[in-house]
Amino acid sequence: MKARYRMEGILDSVPDDVWHTEMSMFSDTHYEQTAIYSAGQRGERSSHILLKRDGVSVGGARVGLYLVPGLKRGLALVRFGPFWRRLDSEISDTYKDVIRALIEEYGGKRKLYLIVRPRPHPDFYPQEAKELQELGLTGNSTTMLDRYFVDVSIDESEQRKSLGKTWRYNLQKGLGNDLDIRIATDPNTIKTFQAIYGEMVLRKNLNYPGVDLPAFIPDLVGLPERMNMQVALAYHEGKAIGGVAFSIVGDLAYYVFGASSNKAVELNAGYVLQWHVIRWLHEHSAVRWYELGGPGDPGIRQFKKGLAGKRGSLLAVQEFHFCPDFVARLVVGGLFSLRDVRNRMQRWQRERKPSL
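Quick note, my numbering runs 2 ahead of the 1-based positions in the sequence shown.
What follows is the structure, given as structure tokens:
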């Protein structure tokens, strides 16, 4: 199952700034594929592979490694990758070549259990899922990867009609609260957002993988132009009460982080912020889809479902597994069991009432 493209010495040897520059030349990139997100904050080792043809990058992937000391076995996880659709060339069969290279390096040479989580995209995910199965990877359903999408290409009138009835009602209430929405990326805006976010984490007793990622917003703002982040803050009577960090990465827009105070909840600021963001995306970008992330708990699910509305969609996404090595399958089975225990503990901690 050899890839047609030679790696040319670009396995685990690309400097972070060069990696980000290369990524920005593709339309199917994702923050999970940046060096910023894979900087070890999950307790994993980071690996990467970049394929080139005639000196031009044709695809690549950032891979998280979970290895058991002494056994040289474990998990190789590709989050929302690989990237393979260059901005300056027509779509080809490059995807299979990148997957073959991942299988050869991580499943073959390193004898690891390879999991690929394709980048959710209403138009391209079905094609990628089909090709993964053709290459022998097995799909495994998990609602953890499902994603809501808003169609931001439609005009304001159609967008209002698309909104869920309750969502539209709450938006109207929020618009009547004299909120001032500002979008910026200066250091003071970022620090203000981070402060509101930090207070929210304590108030809600949040504890899950990635809860500390807003600390990296200054780095995300500094990425190449096609990938950098924007921050929208809601002000009431001159004071910032809530915010949304969002971005356009390749051919998708993303809701990345949200932060709210008690005042923001009282004034329905979250509804006004998201409405302002989707109107901004309609006017200032060429993307069609704004990804809201996964369903989350029932309250978050209702919010995202109402915002996606009649013209949006909920995309069910599978992850795909490949592992010919028996020992690696046993090791990763144990890792999955530990992960399940951790997730149950984190759910229990989130559901606990904060002490007064």
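Here a beta-carbon is modelled for each residue, glycine too, at the ideal position from N, C-alpha and C.
Quantities reported herein were computed from a predicted structural model and do not represent experimental measurements.
Residue i vs residue j beta-carbon contact at 9 Å
i, j, result
"T144", "F324", "no"
"L137", "I117", "no"
"L254", "Y199", "no"
"V279", "F259", "no"
"N179", "N264", "no"
"I185", "V223", "no"
"V100", "G61", "yes"
Rounded C-alpha distance that separates residue i from residue j
i, j, result
"K206", "T168", "24 Å"
"V289", "L73", "45 Å"
"V274", "L13", "45 Å"
"H50", "T36", "10 Å"
"G298", "V213", "14 Å"
"I219", "G66", "21 Å"
"L146", "R47", "The sequence given here has Met at residue 146, not Leu. When rounded, the distance between both Cα atoms is 22 Å."
"E158", "G314", "14 Å"
"E268", "G240", "16 Å"
"Y108", "A197", "40 Å"
Where residue i sits in the DSSP three-state scheme
i, result
"D19", "helix"
"S249", "strand"
"L13", "strand"
"D182", "strand"
"S164", "helix"
"E293", "strand"
"T31", "coil"
"N142", "strand"
"H323", "strand"
"M25", "helix"
"F151", "strand"
"V329", "helix"
Candidates the options: closest to residue i by CA position
i, options, result
"F82", "V251, D56 and V60", "V251"
"D148", "A330, P300, R331 and L294", "L294"
"L89", "I219, E130, D30 and A197", "D30"
"A234", "N190, D214, D221 and A131", "N190"
"M229", "V16, G335, P17 and E24", "E24"
Query raised in the report: Does the pairing of the region 68-87 with the region 102-114 give three or more beta-carbon distances under 8 Å?
Result: Flag = yes, the region 68-87 and the region 102-114 touch.
Requested in this report: Check whether the region 163-182 touches the region 304-319, counting contact only when three or more Cβ pairs, one atom from each stretch, lie closer than 8 Å.
Outcome: As far as the Cβ criterion goes, the region 163-182 touches the region 304-319, which means the pair count is three or higher.
**Report entry** the region 195-211 contacting the region 306-320, beta-carbon criterion three pairs below 8 Å
**Finding:** Cβ pair count under 8 Å is below three, so no.
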